[in-house]
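Working notes, beginning with the structure itself.
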Amino acid sequence: MNSIKQAIESARSRTSDVMNTAKRSEAAAKASDVIHTPVMRAALPFINGGIAGMVATSVIQPVDMVKVRIQLAGEGTTGGPKPTPLSVTRHIISSGKVLDLYTGLSAGLLRQAVYTTARLGFFDTFMGRLTERAKAQNKQIGFSERATAGLAAGGLAAMIGNPADLALIRMQSDGLKPLAERKNYKSVIDALGSIAKGEGIAALWAGAAPTVVRAMALNFGQLAFFSEAKAQMKQNTNLSAHAQTLSASAIAGFFASFFSLPFDFVKTRLQKQQKGPDGKLPYKGMADCFTKVARQEGVMRFYRGFGTYYVRIAPHAMVGKRRNAPQRSSRQRSNATDGNEPDIYQEMLAEAGMSAPPAVSSPERPLKRRRGVVPSIQRPAEPNEPAKVSLATEAPKSELDQQDESDDEEEDAEFEDVVIPEPIVQTVELESDEEEDEDEDVNFEDVDLLMSLPDGDSEQQEPKELELNLSAQKAAMTSKQGPDRRRPITNEERERRIDIHKTHLICLMSHVAKRNHWCNDTQVQDALRSRLTDKMVQYLTPGTNLSQFGRTESLKNGLKLVADMWKAQYEITERGMRRSLWAEEVEQLDSYVLPNDMESCLDKSDFREAARTLQGSRDVGAQLYCALLRSAGVRARLVCSLQPLAFGSAGPTLPKAKEAAKPKSVSKAEQMLSQVAKYREMAAAVSSTPSAGPSTARRRLGHPNASDYNFEPTAAPTKPRPTFSSPKQIRESSYPIYWVEILDVGHQKWQPTDPVVTHTFWKPKAFEPPITDRENCLSYVIAFNADGTAKDVTRRYAKGYAAKTRKLRIETALDDGQKWWRKVMKMYKPKTTSDLDQIEDIELSGVEAREPMPRNVQDFKGHPVYALERHLRRHEVLIPGAVPSGTVAAGARAPLEKVFRRKDVRIARSAEKWFRLGYEVRPGEIPAKWLPKRAQNKRSRYEEEDHDEGDAGTPIYTVDQAEIYEPPPVRNGRIPKNKFGNIEVYVPGMVPKGGVHIASEYARRAAYALGIDCAPALTGFQFKGRQGTAVLNGVVIAKEFEEAIHATIQGMLDLEQEWEDEKRRYVALKLWRRLLMGLRIRERIWSGVGEEERKEAEKQAELEAELGAESDETEEFDMVVDDDDEEGGGFLVE
0 MNSIKQAIES
10 ARSRTSDVMN
20 TAKRSEAAAK
30 ASDVIHTPVM
40 RAALPFINGG
50 IAGMVATSVI
60 QPVDMVKVRI
70 QLAGEGTTGG
80 PKPTPLSVTR
90 HIISSGKVLD
100 LYTGLSAGLL
110 RQAVYTTARL
120 GFFDTFMGRL
130 TERAKAQNKQ
140 IGFSERATAG
150 LAAGGLAAMI
160 GNPADLALIR
170 MQSDGLKPLA
180 ERKNYKSVID
190 ALGSIAKGEG
200 IAALWAGAAP
210 TVVRAMALNF
220 GQLAFFSEAK
230 AQMKQNTNLS
240 AHAQTLSASA
250 IAGFFASFFS
260 LPFDFVKTRL
270 QKQQKGPDGK
280 LPYKGMADCF
290 TKVARQEGVM
300 RFYRGFGTYY
310 VRIAPHAMVG
320 KRRNAPQRSS
330 RQRSNATDGN
340 EPDIYQEMLA
350 EAGMSAPPAV
360 SSPERPLKRR
370 RGVVPSIQRP
380 AEPNEPAKVS
390 LATEAPKSEL
400 DQQDESDDEE
410 EDAEFEDVVI
420 PEPIVQTVEL
430 ESDEEEDEDE
440 DVNFEDVDLL
450 MSLPDGDSEQ
460 QEPKELELNL
470 SAQKAAMTSK
480 QGPDRRRPIT
490 NEERERRIDI
500 HKTHLICLMS
510 HVAKRNHWCN
520 DTQVQDALRS
530 RLTDKMVQYL
540 TPGTNLSQFG
550 RTESLKNGLK
560 LVADMWKAQY
570 EITERGMRRS
580 LWAEEVEQLD
590 SYVLPNDMES
600 CLDKSDFREA
610 ARTLQGSRDV
620 GAQLYCALLR
630 SAGVRARLVC
640 SLQPLAFGSA
650 GPTLPKAKEA
660 AKPKSVSKAE
670 QMLSQVAKYR
680 EMAAAVSSTP
690 SAGPSTARRR
700 LGHPNASDYN
710 FEPTAAPTKP
720 RPTFSSPKQI
730 RESSYPIYWV
740 EILDVGHQKW
750 QPTDPVVTHT
760 FWKPKAFEPP
770 ITDRENCLSY
780 VIAFNADGTA
790 KDVTRRYAKG
800 YAAKTRKLRI
810 ETALDDGQKW
820 WRKVMKMYKP
830 KTTSDLDQIE
840 DIELSGVEAR
850 EPMPRNVQDF
860 KGHPVYALER
870 HLRRHEVLIP
880 GAVPSGTVAA
890 GARAPLEKVF
900 RRKDVRIARS
910 AEKWFRLGYE
920 VRPGEIPAKW
930 LPKRAQNKRS
940 RYEEEDHDEG
950 DAGTPIYTVD
960 QAEIYEPPPV
970 RNGRIPKNKF
980 GNIEVYVPGM
990 VPKGGVHIAS
1000 EYARRAAYAL
1010 GIDCAPALTG
1020 FQFKGRQGTA
1030 VLNGVVIAKE
1040 FEEAIHATIQ
1050 GMLDLEQEWE
1060 DEKRRYVALK
1070 LWRRLLMGLR
1080 IRERIWSGVG
1090 EEERKEAEKQ
1100 AELEAELGAE
1110 SDETEEFDMV
1120 VDDDDEEGGG
1130 FLVE
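Everything in the sequence shown is counted per numbering that gives the first Met the number 0, starting at 0 for the first residue and increasing by one.
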């Protein structure tokens, strides 16, 4: 009897275990099905990112509370006690309790849930679009595109999360109000409802503008400085990768705080403000808040609480940039590396506080057990797969699809195998005529030889004995020639300098535009107008009754009077703008110190003070002079000669620090000579002293002891002469940076005037400095009108614009440099072109056209009008019968060289290069030029034996010797091919007549499946060094088969989709099969058990499940763990 009971209990326990296992498996399968759906996979990154942001907010909420209280303290006042983080924290705790530091936590959590999720969603969408466009254009996503996507995503997310941010500020600032005025918000829902009910729905977006700008500035500071700091640390430090990342993140957090704190300050003020007793808000908007705070509280008030704000921002950047990922199995790591997400997407997920999910390209989940073969239709092969390709013959094998071998009973859908031949790899070697641009980019620019000349005042050495030491002389020559030699810059350095040059130009344009706007200030003009007499104003504004000559003379007389007054009253006390120079070494910048007399006029208040005192730099003097003339009714323009950093290497560089001179050893003879000269000077001084002479009897009369000694009276001391302090001498260029142009109404012409430096007017050629001037270089001269519009007037002041000045401008540095400069000037272009503008354009064009032929041979290089045969590039030739326009001497004994017109120069290319452009050289044409063969160290293994380039070199031809290429037509459906089995389609016109080009990756497979003759389309070459590999894009077929090919391609796409659907269906059936098998096993186990015992066992199983028994369910969540990226995409978790 006992044995029967034990058997029953044993059966019950086994049954209970089986039931529990089945339930756990069923629950795990349901949870896995929910998690691994496409929607859930796509939502997991954003859910985890939002949760990570909410956890971070819970930690730093006290810091944010202290930051808001510091920003709101002392509103509207400039003085008073300055709050500190400790004092604010002590005040909050003493007035309430510790939990008051977490006021508004619900609003902060809501903001993170909305802001972080929306930011990740927008960023994912933007990067998806950019990735598609980059793939279509065969290029990679650049830093600017990623930065734009990040800034746009942050701005849009900030706009969406603004109501929660507003509720957070209101809840945190409520404690600063009197008890009678406090709202005592209970939660974020209560705060949002109260604001919407009392102030309207639109009030929920108060301060949205600074919130958006703050988010974009925050992301900009992180994006711009993290990568640069990381690169500098890798180059200049020996820190570990982990320490470099943390340090670079801290630096990026500092700059992110610096750029975003003013906007955060304004956001806090705008979101906290409420209507006063008069029904008006304290601030009208972001600009009004900036202005009032700067005027009433000072500019530094925007950075109050910077330390607290940095403590709030920097740890997020440091933690978000580098975290240690948990250890995982090799299969999980392989799955993680096989993801299709772009790198920036993984960086963004790592920044948000979680890891990237596995690849979602296949909807099935990876399991740990072996499974059988999945019968399905085989996926179509890629175009580059070799030899035999079956459309659907074999089931794909993977860990997911490997299950019981009993499932092999299902039949496979079989199709006829199609054999696709492998394409022959076609290569090409870069020809010599295609390298001229690369070789000539490394320009040996003109170096100023005067820079290396020794000083003329060097001391003459005494004659010494002759010593012959060849080794010492050779070493001295080597060391002397080393540093003086100027090396050309590389292409990378030149591109970097061009980018800096363009950025500097834009900044200088903005600076001058701001100064021009200050010249229109009413307070400045009122302070200056009082210095004009009625006679000056009368001369400056001649009446219309005068003749053309009379109006011009009246204007000149008035300018002379005003210039004399300005010269007498304005005092130069500071240094103005000067030429920007490059440093040859980094150490020069480390030891560089700004001059103590640099210009101190930084804002409008300083400009107004300079107008009142008439003191400042030469630049400020010219700007105030422009304001003075505008106050008198004269139409004046502020002109500035911009001084950007040069993009070449020929100009002067930053001077090196002077070393302390070593004391020279003085010989004994020189010491004796110096002592003798010293004694002679003393003797001469004694003899030249006036004496009273011997005393006479008349002088001794009345003296009590006159007979005892000879009395000699002393000479009376000379009266001190009044000394006058000379003005402070400031070393600057003899030519101005700023001057003024006034309109000669009589002649409708702009004329220059400069009362500060050159003291001239009506002399435009007196403003260009020489090329040896280190402080000034005339390359861009911009004139700003009173309405803010500007015009490039460089041609008016440059004596050799086409020969010299044009080489210093961006137009010659880039192929599209002129287009870029026009785009910049378009921002300052007037909306409508007036008659005066047309007259000035004609005048400037005439000045450029009247420029004479250069006299220097070097000036002909790159000249837009003239050319010398010696300056022609490798691929440039003169047209037959070109007539010279003159001659120039290259030296005293050199023969005269002929000068030709630039319009007579043609570009010549080789026959192969013309063929790639869609042209064909006509038979029998004589080459316009032979390019010499370049020396090669060793023969390339890809070089053919019958190479076109012989001993004489490569022949090149002009466009006049070529005609449009006509390919052989398609006959009987057969496509003409080259020896590699391809067809060249470099341009659309090279498609043969009767053929069509189908650019699809499935086109070649479809053509072979239908038995249609096709030829892979060769659209170009991808070069790596001198070796180029063919790029094949689609195929060329007969036009009558176009519809059939498109239909087949669509069928293949449908077949691929059907394959994916079949795979998902099979996975679903396997899961259902597993469920049914479990149900059958359960039913078989419980078949001999009673109803009551069965219910009791089910209750026992439920109790055990509630106690948290171990299961395999947690293993299904390991897939969401992935390696964190080092850089994090430039986002900060807030």
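The beta-carbon is built from N, C-alpha and C at its ideal position, and this holds for glycine as well.
Only a predicted model underlies this, so the values are computations on that prediction, with no experimental measurement involved.
Distance, Cα to Cα, residue i vs residue j?
i	j	result
Thr540	Asn784	18 Å
Ile1036	Gly885	57 Å
Thr36	Arg1063	11 Å
Pro751	Trp761	6 Å
Thr771	Pro651	9 Å
Ala151	Ala286	22 Å
Tyr538	Asn218	57 Å
Tyr114	Met232	33 Å
Pro991	Arg973	11 Å
Leu1017	Arg921	23 Å
Asn183	Asp173	7 Å
Gly1050	Val1034	18 Å
Leu593	Gly306	28 Å
Met576	Glu227	29 Å
Report back the beta-carbon spacing between residue i and residue j to the nearest angstrom; my notes put them in contact at under 8 Å.
i	j	result
Ala998	Ile1044	Their Cβ separation, rounded to whole angstroms, is 12 Å, which puts Ala998 and Ile1044 out of contact at 8 Å.
Ser640	Arg574	Their Cβ separation, rounded to whole angstroms, is 16 Å, which puts Ser640 and Arg574 out of contact at 8 Å.
Pro735	Val755	7 Å
Ala609	Cys600	6 Å
Gln642	Cys776	6 Å
Met53	Ala112	6 Å
Thr1047	Ala1005	4 Å
Ser105	Ser193	In fact, because the Cβ distance is near 14 Å, the residues do not count as touching under 8 Å.
Assign residue i to one of three DSSP states: helix, strand, or coil.
i	result
Gly141	coil
Glu850	coil
Tyr1007	helix
Gly784	A small fix is needed here, since residue 784 is Asn in this sequence, not Gly. Coil at Asn784, not helix or strand.
Thr957	coil
Val882	coil
Thr244	helix
His516	helix
Lys825	helix
Gly1077	helix
Leu104	helix
Tell me which residue opens and which closes the beta strand (DSSP E) that residue i is part of.
i	result
Ser640	635-641
Thr886	885-888
Trp929	928-930
Asn1032	1026-1037
Ile741	737-743
If we count the other Cβ atoms within 10 Å of its Cβ and call it buried at 16 or more, is residue i buried or exposed?
i	result
His874	buried
Ile982	buried
Ala567	exposed
Thr102	buried
Asp164	buried
Glu767	buried
Trp913	buried
Asn383	In this prediction, Asn383 scores a pLDDT of 44, lower than 50, which makes its location untrustworthy; no coordinate-derived value is stated.
By the DSSP assignment, the alpha helix (DSSP H) with residue i in it spans what residues?
i	result
Thr521	521-528
Ile997	First-last for Ile997: 994-997, but that is the beta strand (DSSP E), not the alpha helix (DSSP H).
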